[in-house]
Amino acid sequence: MTRFNALNLVKNALTGHKNWTEQWPESQPKAEYDVVIVGAGGHGLGAAYYLAKEHGITNIAVIDKGWLGGGNTGRNTTIIRSNYLYDESQALFNHSVDLWQNLSQELNYNVMYSNRGCLMLAHTVHDVQSFKRHVHANRLNGVDNRWLTPEECKEYCPPVNIAPDARYPVMGGALQERAGTARHDAVAWGYARGAAERGVDIIQNCAVNAIRRNPDGSVAGVDTDKGFIKAKKVAVSASGHNSMVMETAGVRLPLESMPLQALVSEPIKPIFPCVVMSNAVHAYCSQSDKGELVIGSGTDQYVSYSQRGGLPLIEHTIAAISEVFPIFNRMRMLRKWGGITDNTPDRSPIVGKTPVQNLYVNCGWGTGGFKATPGAAHTLAWTVAKDEPHPINAPFTLDRFRTGRLIDEAAAAAVAH
Amino acid sequence: MIQIHCPYCGETLPELEFAYAGEAHIDRPVSPTEQTDEEWAEFLFMRQNVKGPHFERWRHVHGCGRFFNAVRNTITDRFYTTYKAGEPRPDLATLLEEDNK
Chain A
161 MTRFNALNLV KNALTGHKNW TEQWPESQPK AEYDVVIVGA GGHGLGAAYY
211 LAKEHGITNI AVIDKGWLGG GNTGRNTTII RSNYLYDESQ ALFNHSVDLW
261 QNLSQELNYN VMYSNRGCLM LAHTVHDVQS FKRHVHANRL NGVDNRWLTP
311 EECKEYCPPV NIAPDARYPV MGGALQERAG TARHDAVAWG YARGAAERGV
361 DIIQNCAVNA IRRNPDGSVA GVDTDKGFIK AKKVAVSASG HNSMVMETAG
411 VRLPLESMPL QALVSEPIKP IFPCVVMSNA VHAYCSQSDK GELVIGSGTD
461 QYVSYSQRGG LPLIEHTIAA ISEVFPIFNR MRMLRKWGGI TDNTPDRSPI
511 VGKTPVQNLY VNCGWGTGGF KATPGAAHTL AWTVAKDEPH PINAPFTLDR
561 FRTGRLIDEA AAAAVAH
Chain B
11 MIQIHCPYCG ETLPELEFAY AGEAHIDRPV SPTEQTDEEW AEFLFMRQNV
61 KGPHFERWRH VHGCGRFFNA VRNTITDRFY TTYKAGEPRP DLATLLEEDN
111 K
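So the sequences go chain by chain: A and B. Just so we're aligned: 296 in the working numbering is position 136 of the first sequence, and the numbers increase by one with no gaps anywhere. Just so we're aligned: 111 in the working numbering is position 101 of the second sequence, and the numbers increase by one with no gaps anywhere.
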């Protein structure tokens with residue numbers, strides 16, 4: 161595989177860009193693998209990459225029913241941040257933010273990580289108290305976060321309306337400067353390329369229909385559209401369909417799948433320098449390098465696998481955007497779409513071992529999985545390789561729903577997760 | 011906009027009038043003190059998360075305020091039927107057959 165560097169760019173430019181090697185081959189399944197990963201999104205491909213690179217396991221297949229990166233990896237609003245309330249969440253998401261910093265260099269693939277900062281606006285006294293608590297909790301853990309006055313918010317992000325007579329006036333904001341955005345497709349492609357280079361098979365358009373178990377209960381392999389594939393270990397990372405895949409192995413999960421929507425505006429010149437979130441009115445927004453405003457909406461209230469979502473949510477989101485940024489209220493929206501998120505009752509993920517031997521799960525990322533891609537993948541790879549929890553993913557067990565030791569970020573991070 | 015039929019009001023109204031209230035026909039434990047942790051986890055947290063016909067509860071919050079049950083297809087979001095709380099779970103095969111007519 162050709163590495164991306166200045167010399168190769170020049171060489172290929174001179175030959176009309178006709179001699180680039182393929183990024184990853186079109187693989188067909190072998191009869192047996194050391195590890196099969198179900199779901200070729202950023203998390204699954206990343207786990208394969210780290211298994212190959214850091215744990216020396218290269219006999220791996222990543223299997224997806226669609227194309228790689230075609231699920232929630234390519235449907236999110238690309239926001240990356242780690243300003244969570246609880247120590248466990250901060251450790252997990254900050255590990256991810258640490259990995260994001262050099263991911264392009266690590267993968268030799270430009271994931272366009274831009275730490276442009278994430279500003280969370282406070283509109284009520286409760287918001288102010290809650291966000292200041294977040295700032296203090298973060299700083300105790302060495303996680304970047306600081307408090308801004310309304311004037312400082314306006315200075316940091318000029319389109320924000322801080323007029324005191326607004327329906328929901330801005331009373332301040334919490335700013336994480338290390339937060340930012342990345343190009344979501346590139347993350348899947350970069351991990352896929354890096355994994356394939358190390359011998360991982362990426363098998364697309366091949367649904368995993370069931371997980372098969374040995375008579376002793378341990379994992380035997382997976383039944384797919386292309387027949388049975390034997391596997392010593394299976395890791396499931398299939399976002400909205402995790403509960404369906406895991407049910408075939410007899411593992412019940414505390415998940416509910418709901419569509420989460422996003423939309424983009426027509427492209428405009430650079431106006432929006434950072435990510436802004438407002439939990440109180442429920443808006444979040446950033447501007448892509450193409451110039452489109454990328455706007456996140458909410459999940460439908462009901463379980464659904466329709467990858468589109470309900471229109472009332474879009475109306476609600478646009479109302480919120482117009483409230484916080486009146487400058488945008490005449491803009492036209494180009495398109496909207498939905499992705500199916502798997503939500504846990506405490507809105508924290510489940511990463512690690514399951515009651516079935518040699519079966520691992522990476523699920524419950526709900527509406528906030530993209531930011532965690534490198535961290536989730538990195539710690540999942542550790543758990544699969546060593547058959548034990550990584551110190552960072554150890555609290556995120558399935559067993560916490562039996563013991564009651566929940567990581568209740570539902571209340572902590574409010575709605576824009 | 012999804013239209014939902016309230017079995018108490020007898021009217022079909024936009025989804026904005028209603029609040030989803032989770033999976034239906036989950037019974038509270040008869041003797042809570044004798045429940046094991048596993049049974050509590052099952053009751054509180056584990057859900058079917060069905061892809062297809064799903065039995066679920068709704069509440070007509072901006073109307074009569076009452077809870078009722080519904081069968082909805084989670085792939086198409088189409089409602090097959092709604093029925094009053096306390097009524098038995100309708101037979102799915104019959105419902106789907108009627109819907110196909």
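Idealized CB from N, CA, C, for every residue including glycine.
For a Cβ distance threshold of 9 Å, nothing in chain B lies close to MET437 of chain A: the least Cβ distance comes to about 24 Å.
Nearest to PHE78 of chain B by alpha-carbon distance, out of B:SER41, B:THR92, B:HIS72, B:THR86, is B:THR92.
In the displayed model, GLN289 of chain A falls within a helix according to three-state DSSP. Taking a C-beta cut-off of 7 Å against chain B, the contacting residues of the segment 452-469 of chain A are GLN461, TYR462, VAL463, SER464, TYR465, SER466, listed in chain order.
Our two residues, GLY332 of chain A and LEU308 of chain A, have alpha carbons roughly 6 Å apart in a direct line. For ILE431 of chain A, the CB contacts under 7 Å within the same chain, skipping 5 residues up- and downstream, are PRO319, GLN447 in chain order. Around the beta carbon of ASP547 of chain A, fewer than 16 other beta carbons lie within 10 angstroms, which makes this residue exposed.
For the segment 492-508 of chain A, residues whose beta-carbon sits nearer than 7 Å to a beta-carbon of chain B comprise PRO505. Contact annotation: the segment 401-416 of chain A touches the segment 491-502 of chain A, with at least three C-beta pairs closer than 8 Å.
Counting only residues of its own chain and dropping the five nearest sequence neighbours on each side, ASP376 of chain A has no CB closer than 7 Å to any other CB. Note that the C-beta distance between TYR246 of chain A and ALA391 of chain A is not below 7 Å. Straight across, the Cα-Cα distance linking VAL411 of chain A with PHE55 of chain B is about 13 Å. With respect to the 7 Å criterion, LEU473 of chain A and GLN421 of chain A are classified as neighbours on the basis of their beta carbons. If the five residues before and after TRP525 of chain A are omitted, its C-beta is found closer than 6 Å to the C-beta atoms of PRO509, all from its own chain and listed in chain order. Judged by beta-carbon spacing, ILE363 of chain A lies within the 7 Å limit of SER187 of chain A, meaning their Cβ atoms are closer than that value. At the C-beta level, ASP383 of chain A and ASN369 of chain A come within 7 Å of one another. Looking from the CA of ARG358 of chain A, the closest CA among A:CYS523, A:ILE567, A:TYR209, A:ASN165 belongs to A:TYR209. At a C-beta separation below 9 Å, ASP47 of chain B has these neighbours in chain A: ARG562, THR563, GLY564.
For SER403 of chain A, the nearest beta carbon of chain B is closer than 7 Å to its own beta carbon.
Look at the segment 369-449 of chain A and you find these whole runs of beta strand (DSSP E), each 3 residues long or longer: 379-384, 387-396, 416-425, 435-438, 443-447. For the pair SER464 of chain A and PRO419 of chain A, the CB atoms are nearer than the 7 Å cut-off. At a cut-off of 7 Å, the C-beta of ARG412 of chain A has a neighbouring C-beta in chain B. Non-local C-beta neighbours of ALA95 of chain B in its own chain, meaning closer than 8 Å and more than five positions away in sequence, comprise ARG67, ARG76, PHE77, PHE78, ASN79, ordered along the chain. LEU415 of chain A reaches chain B at ARG57, ASN59, counting residues in chain order whose Cβ is nearer than 8 Å. One thing to note: GLY73 of chain B has its Cβ within 7 Å of the Cβ of GLU27 of chain B.
Looking at the DSSP output, GLU49 of chain B shares a beta bridge with no other residue.
Boundaries for THR563 of chain A: no beta strand (DSSP E) harbours it, while the alpha helix (DSSP H) harbouring it runs 560-563, taken from the DSSP string.
Restricting attention to alpha helix (DSSP H) runs no shorter than 4 residues, the segment 477-559 of chain A encloses them at 533-546, ordered along the chain. The Cβ atoms of ALA334 of chain A and ILE197 of chain A lie no closer than 7 Å to each other. The beta carbon of ASP568 of chain A is closer than 8 Å to those of TYR246, ASP506, ARG507, SER508 in its chain, skipping five residues each way along the sequence. By alpha-carbon distance to SER399 of chain A, the top candidate from A:SER242, A:HIS294, A:GLY201 is A:GLY201. By the neighbour-count criterion, in which 16 or more other beta carbons inside 10 Å mark a residue as buried, THR237 of chain A falls on the buried side. Annotation: the continuous beta strand (DSSP E) that includes LEU308 of chain A extends over 306-308. Going by C-alpha positions, ASN83 of chain B is about 19 Å away from PRO98 of chain B. For ASP37 of chain B, no CB of chain A lies under 7 Å from its own CB, so it is not counted at the interface with that chain. Relative to MET404 of chain A, the option among A:LEU169, A:ASN179, A:GLY199, A:GLY176 whose CA is nearest is A:GLY199.
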